[in-house]
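Q: Below you will find the structure I want to go over with you.
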Amino acid sequence: LVKLLTSSFVFFVFILLAAPAIFYLFGSAAGDTEYSLTSDEGYVPVSFSIPYTFFGNTYNSLYVHFNGLLTFNQPEPASGPNYNPTRGAEDFIAALWSDLDDYYSCFFSYQQYTNGSVLTRATHDINQYFPQMNFTASWVFVVTWKYGPQQNPAILFQVVLISGGNLSFFLMNYGDFAVIYEQTEAGYDTINSIYHFVIPDSTNGNYQNLKNTTNVNIPGRWAFIASNASGRSFIKFMYSFFYLML
Numbered sequence: 001l002v003k004l005l006t007s008s009f010v011f012f013v014f015i016l017l018a019a020p021a022i023f024y025l026f027g028s029a030a031g032d033t034e035y036s037l038t039s040d041e042g043y044v045p046v047s048f049s050i051p052y053t054f055f056g057n058t059y060n061s062l063y064v065h066f067n068g069l070l071t072f073n074q075p076e077p078a079s080g081p082n083y084n085p086t087r088g089a090e091d092f093i094a095a096l097w098s099d100l101d102d103y104y105s106c107f108f109s110y111q112q113y114t115n116g117s118v119l120t121r122a123t124h125d126i127n128q129y130f131p132q133m134n135f136t137a138s139w140v141f142v143v144t145w146k147y148g149p150q151q152n153p154a155i156l157f158q159v160v161l162i163s164g165g166n167l168s169f170f171l172m173n174y175g176d177f178a179v180i181y182e183q184t185e186a187g188y189d190t191i192n193s194i195y196h197f198v199i200p201d202s203t204n205g206n207y208q209n210l211k212n213t214t215n216v217n218i219p220g221r222w223a224f225i226a227s228n229a230s231g232r233s234f235i236k237f238m239y240s241f242f243y244l245m246l
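In full-length UniProt numbering, the protein residues as written are 1 to 246.
Pasting the structure below:
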């Protein structure tokens with residue numbers, strides 16, 4: 001929002017900001033299924049067209065929460081984050097888990113792909129970050145959260161699930177953030193917290209810096225392997241290298 005002054009009038013001009021280039025296409029332009037918040041702490045169950053493996057467990061569906069959370073086993077009743085490792089009975093991805101819907105209008109949209117340019121992009125991205133994998137994507141699931149005005153969201157972030165063969169990955173993309181008045185968390189956790197990770201700056205009040213953080217040398221993007229232990233060790237090394245360089 002830009003305030004323009006003249007001698008007699010004050011004009012307010014809304015500038016429509018494009019999503020960062022790291023974001024996969026989303027919303028009506030992508031033909032997404034779109035939801036707006038209809039009940040506090042709401043969620044929507046989504047069935048997968050192809051099963052997705054998350055740290056050893058294979059799922060045919062997940063729950064998309066308006067509070068920035070994806071859960072695989074069951075809906076999560078907590079409005080705000082249970083800081084991980086939770087050592088609980090849930091596999092989840094916290095894109096940005098916070099009680100945001102108390103302060104901003106909330107929208108999310110999702111789309112699944114089994115062919116086309118999105119798979120080409122996902123294949124390129126994964127092979128760029130993990131060249132030792134020789135990966136080809138066969139399924140992509142994109143979910144994007146927007147808080148604030150539909151056309152000019154105050155808060156914007158995205159998760160991309162990617163799979164092919166016996167390999168699975170996920171990306172987390174971050175744009176701009178307005179002020180958040182609740183606790184926040186970004187990362188992932190697994191059943192009994194065998195594998196877990198918290199993105200730096202997501203829990204210490206510096207969440208507005210997420211668009212500058214990365215573990216793959218692309219500001220605002222985090223990439224994770226969800227299918228094998230050697231890959232998870234590699235991603236920890238990549239995080240240590242690139243985060244310390246920022």
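Where is the CB? At the ideal position from N, CA and C, for every residue including glycine.
Applying the criterion that 16 or more other CB atoms from any shown protein chain within 10 Å of the CB defines a buried residue, is residue 124 buried or exposed?
A: The residue you call residue 124 lines up with position 124 of the sequence shown. Looking at its Cβ environment, which holds fewer than 16 other Cβ atoms inside 10 Å, residue 124 is exposed.
Q: Hey, which unbroken runs of the alpha helix (DSSP H) at 4 residues or more fall wholly within the UniProt domain "NIDO" (95-228)?
A: Fully enclosed alpha helix (DSSP H) runs of 4 or longer: 117-129.
Q: For residue 155, collect the residues of the same chain with a Cβ closer than 6 Å to its Cβ; drop the 5 residues on either side in sequence, then sort them by chain order.
A: The count along the sequence shown starts at 1 and reaches residue 155 at position 155. Excluding residues within five positions, the ones whose Cβ falls inside 6 Å are 147, 177, 178.
Q: I want to know whether the region 17-26 touches the region 42-55 - three or more CB-CB distances under 8 Å.
A: The region 17-26, when compared against the region 42-55, does not touch it at the 8 Å Cβ threshold.
Q: Quick one, which of 203, 91, 70, 188 has its alpha-carbon nearest residue 141's?
A: Position 141 of the sequence shown, counted from the first residue, corresponds to residue 141. The shortest Cα separation from residue 141 among 203, 91, 70, 188 belongs to 70.
Q: Let me make sure I understand the geometry here. Which of 203, 76, 191 has the alpha-carbon closest to that of residue 65?
A: Taking the sequence shown and counting its residues from 1, the one referred to as residue 65 is at position 65. Among 203, 76, 191, the Cα nearest to that of residue 65 is on 76.
Q: Which residues mark the beginning and the end of the beta strand (DSSP E) in which residue 66 is found?
A: The sequence position of residue 66 within the sequence shown is 66, counting from 1. Unbroken run through residue 66: none, as it is neither H nor E.
Q: Which residues in the same chain have their Cβ closer than 6 Å to the Cβ of residue 53, if we skip the five residues on either side of it in sequence?
A: Here residue 53 is taken as the residue at index 53 of the sequence shown, counted from 1. Cβ within range, chain order: 168, 227.
Q: Looking only at its chain, what residues have a beta carbon closer than 8 Å to the beta carbon of residue 6, apart from the 5 residues adjacent to it on each side?
A: Within the sequence shown, the letter at position 6 stands for residue 6. No answer about residue 6 holds up, because its pLDDT of 33 lies below 50 and its placement is not dependable.
Q: Going by other Cβ atoms of all chains shown within 10 Å of its Cβ, with 16 needed for buried, is residue 132 buried or exposed?
A: Here residue 132 refers to the residue found at position 132 when the sequence shown is read from its first residue. That one is exposed.
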